[in-house]
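Heads up, the thing below is written out as structure tokens.
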Amino acid sequence: MTMLNERQQLSYIAAQAADARLNVELETDGMTLNIGPQHPATHGTLRIIARLDGEQVVWAEPVPGYMHRGYEKLTEVRTFPQVTTLINRIDWLGSFANEVPFILAAEQLMEIEAPPRAQYIRTILFELSRIANIGLFLGDLGVQMGAVTPAFFGFRDREYVLNLIEGATGGRFHPNFDRIGGLKDDLPKGWINETKQVMKRLRGFCDEIEDLLFGNEIFQSRTRGIGVIPAEVAKSYGLSGANLRASGVDWDLRRDQVLPMAWDKADFKVWTHPDGDSWARCWVRLQETREATKIVDQLIDDLPAGPIMAKVPRIIKVPEGEAWVSTENPLGEMGYYVISKGDLGPFRVKIRSASFNNISITPWVLKGVYVPDIITILASLYFILGDIDR
Amino acid sequence: MAPLSDTTDATTDASADDAPAALPGDGLREGIVDALRAELGDQLLDTHLVPQTDLWVRVTAEVWQQTGAVLKSQGFDYFCFLSAIDWMPSPYGDGEDDPSAADEDDEPAEMTSGYTGGDTRFQVFARLTDLRRHVGVTIKVDVPESMTLDTWLPTFAGANWHERETHEMFGITFEGHPDMRNLYLPGEFEGYPLRKDFPLLARMIKPWPGIVDVEPMPADDTDDDAEGGDGS
Amino acid sequence: MGLVDRGRMPAPLTKLFNIGRSYSMWVYQWGLACCAIEMGAAFASPRYDVMRLGVIPLPASPRQADFVVVSGTVTDKMAPAVRRLYEQMPEPKYVISMGSCANCGGPYWDSYSVTKGVDQILPVDVYVPGCPPRPEALLEGIVLLQQRIRNEDMGAKWRHEEYSSLQASNTRAAANDARKKALKQSGKRSTDDQPTPEPIVVGGGPIE
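Protein sequence lines, in the order shown, are assigned to chains W, C and Y. Under my numbering, the letters of the first sequence match residues 4 to 393, in that order. Under my numbering, the letters of the second sequence match residues 48 to 279, in that order. Under my numbering, the letters of the third sequence match residues 5 to 212, in that order.
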């Protein structure tokens, strides 16, 4: 069904060889390498236990849970407006994007819809948080391979985006700006002009990173053909976002579902890459950042006038029912399955976070790779600990 | 919400980068139900369709594993998530009440299930997506008394961690799963946190400081008053 | 420094050492959650640039570190590792607790898996409140820690005696006057027999 290219075949063979080696007597004395839970290269507190044969990983298993905060239980004892404060902190780099699917699910149950201006502003802020999120990824990527400069670039240009988010929402990190039925506030004066300039600057940043990093020979040789994930495997593990698109699956929830958001008003391209290796994942993310700046540019150009809040009761009681809404978050598909019993708070919220699925593939993909590649593969899969452990 | 079309043919080839010509409508979802019923017969207990929005089906525990395989063969090859629901009303209230004054009207609310009904306290539910037809389905199953279900692992490799998480949070065992260790919590942790009768100890000691947030405003007599309705 | 071992240090020498220590602090970054990104912004971004304060943010091991910034949610699963890494640090060592989660549990105050404050497992010197605190707040916490180090009596610290006689006698009052910030009394916070100093709270105000 799937045509594998040469790189994928080679990676397959390496994985099979590693698998076979486990079962054959030729196995040398293995060594167990414990990475983390606190290790500079693991983006936080993910622990990985790898069994090595020489320099090759024969078996690897991540141990999540060092950041498990019990969101799903805590949402059951919060009211609907209070939940957004909490879920902001799941994927802490793209906070605003976490709020949107939950609010949309609540709105779906209440059968209300935000006014067009609010939808536009939501989409703009959503894309800004995508840029803030992936901007840091692009900067951090180099650090995993020994290049420190991109990190400074990433942090520098990310600050501009954070300033925009702070200007509009009042929160640098955790805006908590989305309300059921609309938004807390309108955009401040002068924001649109500033946004235009920053978007231009961010496109420059993308070019800079592309020159600096993606054209670099060391970077290429450390990512090309490493950590190949074929499309079938990616789908059965539920990979999403750029990880899925880098495996050649053309699937983007911004385009492929109907939501009361403004993505269908903007013209953007969903980038895919056939290779499925680390390089493809990084490259797709780079293109995504560019597209996000374009979406923001287009949407602020035709921002409609009007109210930013629909008519909602002061005390929000969500009618009984169940709703599933997911959006294409910076890390991938993030969705909330909200069950309401007509109370002030949700009865149960299942949070489907992207990194949880994205990282559950690591035992498969790390099989047969070399030790230094663990770090690049993890970096390219791009996870955020809060998003795995919730 | 944008108008939806009932056209079922939404296949796009992988290189197309514009929106599909038609997004799924209810006709497509009914077709999915029919195709599933053809395979499962009366093991398909109930279906629920929210018009233009989403589809739920409920199957018996016997065909749980088979349902995954059947749906995968029908195009639902994207595994989204798997988890469980505890339908018992929480004995501790919704967290907004003062725990010290909780024992006044402890008439336990009746247990009701959500869409597609259900007979047991625990239900496992999962979601699959068809990336070609742009449609998803939520599959529910009642968990029998033995608290065991078959694993989805042979069909969807991604179910591994989700089933481990469900085991840890609800105490539901998945038969055939090789590795039911705790995923999140330290090994010595006792209890299943997402069950409704698992208490949050901090709340027992200290009432929720956010109670004031939900008290009705005394001066607010225009009911259904929207906040900021005329913004901008 | 045998003088320190014996617990006797001439005051001028102490001052000199303290100035040296306060401006060459190696920090072990303990990024745990959201605050780690703000800490990263403070340490690695060109805008905040912690190195101008004499703080070197890049040791990869706790064994070379003078102080640690615990930034983010400490969970019950993580707590033993946090404690162990703290024990690996050489004396004298200081702890900055960054963010509401590390201070007291923050938004997860009622969670079943979150440790309600890192001060349950380590003695904390500086609390930086916020969720997450801005990088500027962390920088102020570092500056306050440096002030404390400059006023410390190393001999007394080594003897595990009264925390800091130098500070107790003259400079605390001066610092209080200058900053007009109430240092919170918290005698019950001591974990070991070692007398713990009053913790500093960035921005003032009580801890609990």
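Even for Gly, the Cβ is constructed at its ideal location relative to N, Cα and C.
For K81 (chain Y), the C-beta contacts it makes with chain C under 8 Å involve Y231, L232, P233, in order along the chain.
Residue pairing by DSSP puts S343 (chain W) in a beta bridge opposite W:G324. For R67 (chain Y), the number of other beta carbons within 10 angstroms of its own is below 16, and it is reported as exposed.
Beta bridge pairing from DSSP links K353 (chain W) with W:Y340. For the pair R179 (chain C) and G122 (chain C), the Cα-to-Cα distance works out to about 8 Å. Within chain W, the C-beta atoms nearer than 7 Å to that of S117 (chain Y) come from H71, R72, G73, in chain order.
Looking only at W:R161, W:L128, W:G184, W:I90, the smallest Cα-Cα distance to A313 (chain W) is reached by W:G184.
Short of 7 Å from the beta carbon of Q301 (chain W), and not among the five residues preceding or following it, lie these beta carbons of its own chain, in chain order: A269, D270. Under the three-pair Cβ rule at 8 Å, the region 105 to 120 of chain Y does not count as touching the region 47 to 65 of chain Y. With its beta carbon less than 8 Å from one in chain Y, R250 (chain C) belongs to the interface.
Interface with chain Y (8 Å Cβ-Cβ cutoff): R92 (chain W) is included.
G230 (chain W) and A108 (chain C) have their C-alpha atoms some 37 Å from each other.
For A40 (chain Y), same chain residues with a beta-carbon under 6 Å away, outside a window of 5 residues either side, are S75, G76 in chain order.
In the three-state DSSP reduction, R228 (chain C) falls in the coil class, being neither helix nor strand. One alpha carbon belongs to V205 (chain Y), the other to V151 (chain W), and they sit about 33 Å apart. The beta carbon of M194 (chain C) sits closer than 8 Å to the beta carbons of F169, G218, I219, T220 from its chain, once the five residues preceding and following it are set aside; these are given in chain order. M70 (chain W) places its beta carbon 8 Å or farther from that of L89 (chain Y).
For E331 (chain W), the three-state secondary structure derived from DSSP is strand. In the three-state reduction of the DSSP assignment, Q121 (chain C) falls in the coil class.
Under the rule that a run must span 4 or more residues, the alpha helix (DSSP H) segments found entirely inside the region 212 to 298 of chain W read 220 to 226, 234 to 240, 245 to 248, 256 to 259. Shown here for A245 (chain W): same chain residues with a beta carbon closer than 8 Å to its own, the five before and five after excluded, namely R284, V287, R288, E291, G335, Y385 in chain order. Listed in chain order, the non-local C-beta contacts of V60 (chain W) below 6 Å within the same chain comprise A53, L369, V372, local neighbours out to five positions each way being set aside.
Shown here, N101 (chain W) sits in a helix according to DSSP, grouped into three states.
Looking at the DSSP output, L196 (chain C) bridges to C:F221. In the three-state DSSP reduction, F140 (chain W) falls in the helix class (H, G or I).
Residue pairing by DSSP places N107 (chain Y) opposite no residue, since no beta bridge is assigned to it. Nearest CB-CB separation between F176 (chain W) and chain Y: below the 8 Å threshold. For E42 (chain Y), the closest of W:R161, W:L77, W:I212 by C-alpha to C-alpha distance is W:R161.
Taking a C-beta cut-off of 9 Å against chain Y, none of the residues of the region 351 to 365 of chain W qualify.
For Y74 (chain W), the uninterrupted alpha helix (DSSP H) segment begins and ends at 74 to 78. Within chain Y, the residues whose beta carbon sits less than 8 Å from that of F155 (chain W) are A48, S49, P50, listed in sequence order. Taking a Cβ-Cβ cut-off of 7 Å, G72 (chain C) has no neighbours in chain W, whose nearest Cβ is about 10 Å from it. Cβ contact annotation for L128 (chain W) (same chain, cutoff 6 Å, sequence separation greater than five): F99, in chain order.
Nearest C-alpha to D278 (chain W) among W:I106, W:R206, W:L247: W:L247.
In the displayed model, P316 (chain W) falls within coil according to three-state DSSP, outside both helix and strand.
By the 16-neighbour rule on beta-carbons within 10 angstroms, S363 (chain W) is buried.
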